[in-house]
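Residues in the sequence shown are numbered consecutively from 0, following numbering that gives the first Met the number 0.
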Amino acid sequence: MAYDSSNIFARILRGELPAHVVLDEEHCLAFMDVMPQSPGHTLIIPRTPAENVFDLSDDELSALIVTTRRVAVAVKAAFSPGGIMLLQLNGADAGQSVFHIHFHVVPRYDGEGLKFHAREMADPEVLAGHAEQIRAQLN
Ligand code: DGP
0 MAYDSSNIFA
10 RILRGELPAH
20 VVLDEEHCLA
30 FMDVMPQSPG
40 HTLIIPRTPA
50 ENVFDLSDDE
60 LSALIVTTRR
70 VAVAVKAAFS
80 PGGIMLLQLN
90 GADAGQSVFH
100 IHFHVVPRYD
110 GEGLKFHARE
120 MADPEVLAGH
130 AEQIRAQLN
């Protein structure tokens with residue numbers, strides 16, 4: 000399928016839609032997931048218009064995973080979760096719902112399950128606070 004530049008993340012990259020940004024760098028942008036599965040759930044996207052992992056060059060994928068780990072380190076420092084999941088879905092059948100490639104950084108907390116994927120909007124003020132906590136660890 001051809002890349003559709005009207006997808007939500009492409010619009011965030013162009014500044015047409017707002018996001019709680021935690022990291023804005025040359026190759027990637029990272030921001031809070033508006034429907035977090037756990038507190039601190041963050042997304043990392045490349046600036047490259049690519050739908051899924053198969054559409055990135057090795058260099059683009061390398062930059063994306065390195066930045067993903069950098070954000071995960073900051074999320075870990077900000078929220079002290081017991082563990083962190085890195086997730087990346089390719090294709091609707093795999094559960095992908097936004098067709099611009101992204102990694103999810105999902106913190107896991109002892110005894111706490113996950114909320115459903117892409118289901119419930121979080122309070123924007125809470126997301127803004129979480130973004131600030133993560134930014135503080137990245138600076
Ligand atoms: P996936 O199913 O892997 O394509 O995940 C897409 C994620 O994007 C999902 O966890 C919900 C999130 N999401 C959907 N719409 C928006 C939005 O407008 N802004 C932000 N920040 N996240 C969104």
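Yeah, the Cβ is synthetic: ideal placement off N, Cα and C, and Gly gets one too.
When you compare only the Cα positions, how much space is there between M120 and R13?
As a position in the sequence shown, residue 120 is number 121, starting the count at 1. As a position in the sequence shown, residue 13 is number 14, starting the count at 1. Between M120 and R13, the C-alpha separation is close to 22 angstroms.
Just the C-alpha distance for T41 and G128, rounded to the nearest angstrom, thanks.
Numbered from its first residue, the sequence shown carries residue 41 at position 42. Numbered from its first residue, the sequence shown carries residue 128 at position 129. In a straight line, the C-alpha of T41 is about 13 angstroms away from that of G128.
How do the region 74–81 and the region 95–102 stand: do at least 3 beta-carbon pairs fall below 8 angstroms, yes or no?
No, the region 74–81 is not in contact with the region 95–102.
Using beta-carbon positions only, say whether G39 and V74 come within less than 7 angstroms of one another.
Here residue 39 is taken as the residue at index 40 of the sequence shown, counted from 1. Here residue 74 is taken as the residue at index 75 of the sequence shown, counted from 1. Closer than 7 angstroms, so yes.
Is any non-hydrogen atom of the ligand DGP found closer than 6 angstroms to the C-beta of F30, if you look at the structure I gave you?
For the purposes of this step, residue 30 is identified with residue 31 of the sequence shown, where counting begins at 1. Yes.
Using CA atoms only, rank isn't needed, just tell me which of D3, I43 and A76 is closest to N138.
By one-based count along the sequence shown, residue 138 stands at place 139. Of the listed residues, the one whose Cα sits closest to N138 is A76.
According to the neighbour-count rule (16 or more other Cβ atoms, all chains shown, within 10 Å of its Cβ), is E50 buried or exposed?
The residue labelled residue 50 in the question sits at position 51 within the sequence shown. So E50 ends up on the buried side.
What did DSSP end up calling L85 once you bin it into helix, strand or coil?
As a position in the sequence shown, residue 85 is number 86, starting the count at 1. Note: L85 maps to strand in three-state DSSP.
Could you spell out the range, first to last residue, of the beta strand (DSSP E) harbouring L42?
Counting from 1 along the sequence shown, the entry for residue 42 is found at position 43. Residues T41 to P45.
Could you check what DSSP says for L137 in three-state terms: helix, strand or coil?
Locating residue 137 in the sequence shown gives position 138, counting from the first residue. Here L137 sits in helix by DSSP.
Cutting at 6 angstroms between CB atoms, please list the residues of its own chain near F8, excluding the five before and the five after it.
Counted from its first residue, the sequence shown places residue 8 at position 9. Correct list, in chain order: I44, V97 and H99.
What does the Cβ neighbour count give for F102, buried or exposed, with the cut at 16 atoms within 10 Å?
Counting from one through the sequence shown, the residue named residue 102 turns up at place 103. Buried, since its Cβ has 16 or more Cβ neighbours within 10 Å.
In whole angstroms, what is the alpha-carbon distance linking I133 and V70?
What you label residue 133 is simply residue 134 of the sequence shown in a count that begins at 1. What you label residue 70 is simply residue 71 of the sequence shown in a count that begins at 1. Roughly 8 angstroms separates the two Cα atoms.
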